[in-house]
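Participant: Here it is, the structure, as C-alpha cells.
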Amino acid sequence: MKYALFIAVLLLVGCGTQQERDAEHALHTGEEAYREGNFSEAADAYSKAAFDPRVGYDLGNALYRQQLWDTAVSAFANSSYALPNGPLKADALHNLGNGWMERSFYADSLSAVMGKKAAGVRIEGDDIGMKVRQVVLRDSMQRAVQHLQHLVDSALAQSASAYKSSLRLAPTDDDTRHNLALALYKIAARDKTANEKNGGKNDEDKELSERAKEIMAQADELVEQYKFQEALKVMQDGLKEDPTLKNKQEYMDKLNVVNTAAAAT
14 MKYALFIAVL LLVGCGTQQE RDAEHALHTG EEAYREGNFS EAADAYSKAA
64 FDPRVGYDLG NALYRQQLWD TAVSAFANSS YALPNGPLKA DALHNLGNGW
114 MERSFYADSL SAVMGKKAAG VRIEGDDIGM KVRQVVLRDS MQRAVQHLQH
164 LVDSALAQSA SAYKSSLRLA PTDDDTRHNL ALALYKIAAR DKTANEKNGG
214 KNDEDKELSE RAKEIMAQAD ELVEQYKFQE ALKVMQDGLK EDPTLKNKQE
264 YMDKLNVVNT AAAAT
C-alpha cells in the first residue's frame, strides 16, 4: 500500500480559487488527523472538500485504513483517473489494485460463511409451511453465494487491471509487480477450480439420457409458468420411463414441497 500523503502547499487565504483553498484546507486538516491515526476524522475532512485528485488519493488511504474497501476503491479510481501520468498516478493505481484485492478477499470470506450456513439448512419436519421456508431460505443463500463468487472474480480482474496500469507508469516498482503476480495467481487458481466444478456438473448431466434431458426441459418450462404440479407429474412419470432421472431427485423433492404447501393453503 502506498501511504504517502499529499501535503497542503497553498494555505494562504489569497492563494488560488475558493475550490483550491478548500482542497488545501482539507489536505492540511486531514493530514494532521491521519498522522495521529484518526482515520475516520481524516476521511471526514477530505470528504468535505470539492473533488480534487490529491484529496481523493488521501481520502482513499484514510478509507482503506478503516477497511472500507468499497468507498476506498471509488476514491482511488476517481483520483487515478484525474491525476496526470506520473509516479503519483502510478501510486493511486497501485492502491486501487489493493482495494479491489481486499474486496475480493472479503467477498470470498463472506461467501464461505454463507455457503456453510446454506449447507446447514435441512428440509425436514412435518410442518409444510416450515419446509417451504427452509427451501426458500436455502435457495436464497445459494444465490447469494453465487453472487459473491461473481464479485470475487470481478474484483480480482479489476485488481489485476489496476496493477498493470500502474506498472505501465512505474515499470520498476517491485511491490506492484509482486501484487500483480498474486492477483494473476488467484485468478488462475479460481479458473482451475471452476473448470473442475463444471466438469463435475457435466459428468452429472452425462448420466442423464437424452430422453431424460428432454423431460427435464419440459419440467423446467412448466416451472417457469408456475405450473409446479404439472412439472412434478412430468418428472415422476419420466422417472418410470427413464431411471437416470433419479439424479434429479432433489429437484423433485423441491417441487413436492411446493405442491404440498399449495394444497394445504
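The sequence shown begins at 14 in this note's numbering and counts up one residue at a time. Backbone N, C-alpha and C fix where the C-beta goes; we use that ideal spot for every residue, glycine too.
(1) I'd like to know whether the C-beta atoms of Leu123 and Leu161 end up nearer to each other than 9 Å.
(2) Given a cut-off of 9 Å, decide if Ser92 and Lys199 are closer than it, judged by their beta-carbon atoms.
(3) Here's the rule I'm using: 16 or more other beta-carbon atoms within 10 Å means buried, otherwise exposed. How should Gly142 be labelled?
(4) If you draw a straight line from the C-alpha of Lys102 to the C-alpha of Ala175, how long is it?
(5) What three-state label does DSSP hand Leu101 in the structure shown?
(6) Given this structure, state the Cα-to-Cα distance separating Met14 from Gly133, to the nearest angstrom.
(7) If you count every other CB in all the chains shown that lies within 10 Å of the CB of Ala230, and 16 or more means buried, which is it?
(8) Could you tell me how far apart the beta carbons of Ala36 and Ala58 are, in whole angstroms, since I believe they sit closer than 8 Å?
(9) Does DSSP put Glu234 in a helix, a strand or coil?
(10) Let me make sure I understand the geometry here. Which of Met127, Asn108, Leu76 and Leu193 has the alpha-carbon closest to that of Gln159?
(11) Can you give me the C-alpha to C-alpha distance between Asn215 and Glu237, rounded to a whole angstrom?
(12) DSSP state of Lys214, grouped into three classes?
(13) Taking all protein chains shown into account, do 16 or more other C-beta atoms lie within 10 angstroms of the C-beta of Ser172, making it buried, or fewer, making it exposed?
(14) Among Pro100, Asp140 and Asp104, which one has its Cα closest to the Cα of Ala88?
(15) Note down the Cα distance separating Lys177 from Leu193, rounded to an integer number of angstroms.
(16) Where does Phe52 land, buried or exposed, given buried means 16+ other C-beta within 10 angstroms?
(17) From what residue to what residue does the alpha helix (DSSP H) around Ile136 run?
(18) If I measure Cβ to Cβ from Glu263 and keep anything under 8 Å in the same chain, skipping five residues before and after, which residues do I get?
(19) Can you list, in chain order, the residues of its chain whose CB lies under 7 Å from that of Asp250, leaving out five sequence neighbours each side?
(20) Since Asn74 is in the alpha helix (DSSP H), which residue starts that stretch and which ends it?
(21) I want to know whether the region 139-155 touches the region 62-71 - three or more CB-CB distances under 8 Å.
(22) Smallest Cα separation from Leu252: which of Leu106, Arg151 and Ile228?
(23) By DSSP, does Asp266 sit in helix, in strand, or in coil?
(24) Comparing C-alpha positions only, which one of Glu243, Phe241 and Met248 sits nearest to Lys226?
Facilitator: According to the data block:
(1) Translated into positions along the sequence shown, residue 123 becomes position 110. Translated into positions along the sequence shown, residue 161 becomes position 148. Yes, they are a contact pair.
(2) By 1-based counting over the sequence shown, the position of residue 199 is 186. By 1-based counting over the sequence shown, the position of residue 92 is 79. The answer is no: Cβ separation not under 9 Å.
(3) As a working note, residue 142 is residue 129 in the sequence shown. It counts as exposed.
(4) Here residue 102 refers to the residue found at position 89 when the sequence shown is read from its first residue. Here residue 175 refers to the residue found at position 162 when the sequence shown is read from its first residue. Those two C-alpha atoms are separated by around 11 Å.
(5) Along the sequence shown, read from residue 1 onward, the residue named residue 101 stands at position 88. Three-state result, Leu101: helix.
(6) In the sequence shown, the residue the question calls residue 14 occupies position 1. In the sequence shown, the residue the question calls residue 133 occupies position 120. Those two C-alpha atoms are separated by around 38 Å.
(7) The residue given as residue 230 occupies position 217 in the sequence shown. With fewer than 16 other Cβ atoms inside 10 Å of its own Cβ, Ala230 counts as exposed.
(8) Here the question's residue 36 lines up with position 23 in the sequence shown. Here the question's residue 58 lines up with position 45 in the sequence shown. Actually they do not touch by this definition, with Cβ atoms about 11 Å apart.
(9) Taking the first residue of the sequence shown as 1, we reach residue 234 at position 221. Of the three classes helix, strand and coil, the one that applies to Glu234 here is helix, per DSSP.
(10) Taking the sequence shown and counting its residues from 1, one reaches residue 159 at position 146. The shortest C-alpha separation from Gln159 is found at Met127.
(11) As a position in the sequence shown, residue 215 is number 202, starting the count at 1. As a position in the sequence shown, residue 237 is number 224, starting the count at 1. Unreliable placement is indicated for Asn215, whose pLDDT of 48 sits below 50; no coordinate value is reported for it.
(12) In the sequence shown, residue 214 corresponds to position 201, counting from 1. Because Lys214 sits at a pLDDT of 49, beneath the cut-off of 50, its placement in the model cannot be relied upon, and the following sentence gives the value as read from the coordinates. In the structure shown, Lys214 sits in a helix (DSSP, three-state: H, G or I).
(13) Along the sequence shown, read from residue 1 onward, the residue named residue 172 stands at position 159. Result: buried.
(14) Position 75 of the sequence shown, counted from the first residue, corresponds to residue 88. For Ala88, the nearest C-alpha among the options comes from Asp104.
(15) Taking the first residue of the sequence shown as position 1, residue 177 is located at position 164. Taking the first residue of the sequence shown as position 1, residue 193 is located at position 180. Approximately 7 Å between the Cα atoms of the pair.
(16) Locating residue 52 in the sequence shown gives position 39, counting from the first residue. When all chains shown are included, Phe52 counts as buried.
(17) Here residue 136 corresponds to residue number 123 of the sequence shown, with the count starting at 1. Where Ile136 is concerned, there is no enclosing alpha helix (DSSP H), given that its DSSP letter is neither H nor E.
(18) Walking along the sequence shown from the start, residue 263 turns up at place 250. Answer for Glu263: no residue qualifies.
(19) Translated into positions along the sequence shown, residue 250 becomes position 237. Nothing listed; no residue qualifies.
(20) Within the sequence shown, numbered from 1, the residue matching residue 74 stands at position 61. Here the alpha helix (DSSP H) through Asn74 covers Pro66 to Arg78.
(21) Here the region 139-155 makes no contact with the region 62-71; the two share fewer than three CB pairs at distances below 8 Å.
(22) For the purposes of this step, residue 252 is taken as the residue at position 239 of the sequence shown. Comparing Cα-Cα distances from Leu252 to each of Leu106, Arg151 and Ile228, the minimum goes to Ile228.
(23) The residue labelled residue 266 in the question sits at position 253 within the sequence shown. Residue state, collapsed to three classes: helix.
(24) As a working mapping, residue 226 is identified with position 213 in the sequence shown. The shortest Cα separation from Lys226 among Glu243, Phe241 and Met248 belongs to Met248.
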